[in-house]
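Below is one structure; the comments refer to it alone.
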Amino acid sequence: MKNDKCDLCALKVIFDQDTLSKERKIEDFFGTLRQLQNDGIIEKGYNRRAFEGSKNKSEMCAVNSKFFLSENKEKKCPEFILNMGLSVPEALSLNTARSTDRLTAGIHKMTLLILGLTAISVIVTIAVLLCK
Numbered sequence: 015m016k017n018d019k020c021d022l023c024a025l026k027v028i029f030d031q032d033t034l035s036k037e038r039k040i041e042d043f044f045g046t047l048r049q050l051q052n053d054g055i056i057e058k059g060y061n062r063r064a065f066e067g068s069k070n071k072s073e074m075c076a077v078n079s080k081f082f083l084s085e086n087k088e089k090k091c092p093e094f095i096l097n098m099g100l101s102v103p104e105a106l107s108l109n110t111a112r113s114t115d116r117l118t119a120g121i122h123k124m125t126l127l128i129l130g131l132t133a134i135s136v137i138v139t140i141a142v143l144l145c146k
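Numbered per this note's numbering, the sequence shown spans residues 15 to 146.
Here's what the structure looks like:
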């Protein structure tokens, strides 16, 4: 795939490594991240893509999406947020709001199911009482 959907996503974090001091800082960041993961303090993941040469940078997905990995590049990412000048914190807020909306929709469906079952139970109970 020539075009990478992650290039258009606001959740992509780019670490510029154009100077040695920036590169060391980023290497320290990722070293600490891996150590915390190995110690079980934070979850595994946060895959990093590194580019050398003219693009001297590293990238990662802020929400640790499995669709950031190269084998999932051509699959739709449910976390995708079109980058229209958003900062990563703003994109994370949108991601959280979207997740909350999905959760709320699921809770609403469950509530309707429980209401329906309750209504059926009441009708059956009244029918049983009237038949006695």
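Just so it is clear, CB atoms sit at the ideal spot from N, CA and C, and this is done for glycine as well.
Is residue i helix, strand or coil by DSSP?
| i | result |
| --- | --- |
| A76 | coil |
| C91 | coil |
| K123 | helix |
| K71 | strand |
| D30 | strand |
| M15 | Below a pLDDT of 50, predicted positions are generally treated as unreliable, and M15, at 45, falls in that range; no measurement from the model is reported. |
| A24 | coil |
| L100 | coil |
Run the CB neighbour count on residue i, radius 10 Å, all protein chains shown included, and call it buried at 16 or more, exposed below.
| i | result |
| --- | --- |
| F82 | buried |
Output yes if chain C places a C-beta closer than 8 Å to the C-beta of residue i; else output no.
| i | result |
| --- | --- |
| A133 | Although the question refers to chain C, the structure presented lacks it and comprises just one protein chain. |
Cβ atoms of residue j and residue i: under 8 Å apart, would you say?
| i | j | result |
| --- | --- | --- |
| V102 | A119 | no |
| S107 | C91 | no |
| K87 | D18 | yes |
| K26 | E73 | yes |
| I40 | Q31 | yes |
For my contact list, residue i and residue j are in at a C-beta cut-off of 8 Å; report their separation, rounded to the angstrom.
| i | j | result |
| --- | --- | --- |
| S71 | I121 | At residue 71 the sequence reads Lys, which differs from the Ser that was named. Their Cβ separation, rounded to whole angstroms, is 41 Å, which puts K71 and I121 out of contact at 8 Å. |
| L100 | A24 | 4 Å |
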